[in-house]
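Below you'll find the structure, written out as structure tokens, and then a few comments.
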Amino acid sequence: MPVVPCVRAARERGEEVRAAIAERDLLDHGHEITVEDGWLYIPITDPEAVAENCESYDVVERGVATRRTQRTPADILGFSPTYERLGDVVLLTEEDPERAAAIAEAVLASDLPVGTVLRRASKVAGEHRTREWELLAGESTETTYREYGCEYRLDVREVYFSPRLATDRHLVAERVSAGERAIDMFAGVGPFVVPFAKRGAQVVGVDLNPAAIAYLEANARRNGVADRVRAIEGDVREVAPEFENWADRLVMNLPHSAAEFLDTAVELAGEECVIHYYDIQHESAPFEPGEAAITAAAGRAGYEATIEERRRVRSYAPHELNVRLDARLRRE
Ligand SMILES: C[S@@+](CC[C@H](N)C(=O)[O-])C[C@H]1O[C@@H](n2cnc3c(N)ncnc32)[C@H](O)[C@@H]1O
1320 MPVVPCVRAA
1330 RERGEEVRAA
1340 IAERDLLDHG
1350 HEITVEDGWL
1360 YIPITDPEAV
1370 AENCESYDVV
1380 ERGVATRRTQ
1390 RTPADILGFS
1400 PTYERLGDVV
1410 LLTEEDPERA
1420 AAIAEAVLAS
1430 DLPVGTVLRR
1440 ASKVAGEHRT
1450 REWELLAGES
1460 TETTYREYGC
1470 EYRLDVREVY
1480 FSPRLATDRH
1490 LVAERVSAGE
1500 RAIDMFAGVG
1510 PFVVPFAKRG
1520 AQVVGVDLNP
1530 AAIAYLEANA
1540 RRNGVADRVR
1550 AIEGDVREVA
1560 PEFENWADRL
1570 VMNLPHSAAE
1580 FLDTAVELAG
1590 EECVIHYYDI
1600 QHESAPFEPG
1610 EAAITAAAGR
1620 AGYEATIEER
1630 RRVRSYAPHE
1640 LNVRLDARLR
1650 RE
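Quick note: the sequence shown uses this note's numbering, first residue 1320, plus one each step.
What follows is the structure in structure tokens.
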């Protein structure tokens, strides 16, 4: 029997606890709830999120049976479709409209807790970096998504958000210490801001998109870190004078255009500052253009730049990579 994380609850409280976990979308539908010696073992998908959100629950590791009744979209279709899940919204990249409609139908007929299916209808575009979506099933494009113990509310039509960057964001957040001063120059709904603040940093998140800022404020409250977060709507170049020489850490996730904002980044940087710089470049030299741009901007402002990490985050398009450079700036 597979050993999986479960919440252990007294049998008489079992239904109440199960319902509370299901409401937070943390039930592991792939395994059976098991009863033993008056205790219920309720399989869960994310023990960290349960510990954060339901502190009184007892999380244990337990051998439980695999659930045979759960039907996946692949069971219904006879092939494994490609899709991403963001809470109760499923996102499709399928180009063939008939195949997309069949996948949407199978997703809804499956046991996935999904209410809406969307299909990409454009590339990410414009200053807000949003895309158009075709609604294949359901109504709402607003959802709640969980990532490494944090919870984000967002509308996929209104704001940029990519679950594909979750691991990389987590790697970055793990470097943050309590008391640090950090700025996410292109903050979106807060997937860097919120985990940084959870680790005790003072964080400023700036974004041009008013919808992103409204979600960022709500997400800071939702995760109990509003007292350490300042969300500012505007162009980071105009916001920068207020935070001149302030930051210990900067996040620049605006691939394709980040180089244009490096002079703003050095304006925000304190005496010593780490910049997490995201870029999209050809696989033959994915880091070189970013390194050159960072070194030049640092030099212009009297900093020495040391590149501390070069990471290939994911493949973006054929022969193009999304990469992250971490640069430490020290005032000369
Ligand atoms: C690629 S998204 C990144 C969002 C978030 N950091 C994340 O990882 O999900 C870039 C964000 O930058 C914002 N943006 C674009 N230009 C900006 C500017 N000049 N000043 C502030 N925000 C900007 C967009 O509205 C968008 O939300």
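Don't be surprised by glycine CBs; every beta carbon is placed ideally from N, CA and C.
- In this structure, Glu1446 has its CB closer than 7 Å to one or more heavy atoms of ligand 1.
- If only complete runs of 3 or more residues are kept, the segment 1496-1577 shows the beta strand (DSSP E) at 1500-1503, 1521-1526, 1548-1552, 1566-1571, in order along the chain.
- Where Ile1361 is concerned, the enclosing beta strand (DSSP E) starts and stops at 1358-1362.
- Non-local C-beta neighbours of Glu1591 in its own chain, meaning closer than 8 Å and more than five positions away in sequence, comprise Asp1567, Arg1647, Leu1648, Arg1649, Arg1650, ordered along the chain.
- Annotation for Ala1328: the continuous beta strand (DSSP E) segment containing it runs 1322-1329.
- Taken atom to atom, the span from the alpha-carbon of Gly1589 to that of Asp1415 is near 51 Å.
- The straight-line gap separating the alpha-carbon atoms of Arg1465 and Gly1406 is approximately 7 Å.
- Collapsing the DSSP output to three states places His1489 in a helix.
- Taking a cut-off of 8 Å on C-beta distances, the segment 1395-1403 does not touch the segment 1369-1377, as fewer than three cross pairs fall below it.
- Around the beta carbon of Ala1428, a 10 Å sphere encloses fewer than 16 other beta carbons of the protein chains shown; the residue is thus reported as exposed.
- In this structure, the beta-carbon distance from Val1478 to Asn1538 does not fall below 8 Å.
- Counting along the chain, no beta strand (DSSP E) covers Arg1619; the unbroken alpha helix (DSSP H) around it starts and ends at 1607-1619.
- Nearest C-alpha to Pro1362 among Asp1356, Ile1340, Glu1374: Ile1340.
- In this structure, Val1478 has its beta carbon less than 7 Å from a heavy atom of ligand 1.
- If the five residues before and after His1447 are omitted, its C-beta is found closer than 6 Å to the C-beta atoms of Asn1528, all from its own chain and listed in chain order.
- The three-state secondary structure of Ile1599, taken from DSSP, is strand.
- The C-beta of Val1379 has fewer than 16 other C-beta atoms within 10 Å across all chains shown, which makes the residue exposed.
- Asp1526 has its CB nearer than 7 Å to a heavy atom of ligand 1.
- If you compare the alpha carbons of Arg1476, Leu1644, Pro1514 with that of Ala1492, the shortest gap goes to Pro1514.
- Counting along the chain, the unbroken beta strand (DSSP E) around Gly1382 starts and ends at 1377-1382.
- The DSSP-derived three-state label of Ala1624 is strand.
- Of His1638, Arg1404, Ala1497, Lys1442, the smallest CA-CA separation from Arg1483 is found for Arg1404.
- Judged by the Cβ position, Leu1573 qualifies as a neighbour of ligand 1 at the 7 Å threshold, a heavy atom of the ligand being closer than this.
- For Leu1644, the enclosing beta strand (DSSP E) stretches over residues 1639-1650.
- Cβ contact annotation for Gly1457 (same chain, cutoff 7 Å, sequence separation greater than five): Gly1434, Thr1435, Val1436, in chain order.
- Closest in C-alpha terms to Val1323, from the list Ala1419, Arg1386, Arg1518, comes Arg1386.
- Unbroken alpha helix (DSSP H) runs of no fewer than 4 residues, entirely contained in the segment 1413-1452, are found at 1416-1428, following chain order.
- Phe1505 is the residue among Ala1550, Lys1517, Phe1505, Val1555 whose C-alpha sits nearest the C-alpha of His1595.
- In terms of Cβ geometry, Ile1613 and Ala1624 form a close pair [threshold 8 Å].
- The nearest non-hydrogen atom of ligand 1 is less than 7 Å from the C-beta of Ala1531.
- Measuring C-alpha to C-alpha distances from Val1408 to each of Gln1389, Arg1450, Leu1455, Glu1374 identifies Leu1455 as the nearest.
- In this structure, Ile1532 sits away from Glu1557, with a CB-CB distance that is not shorter than 8 Å.
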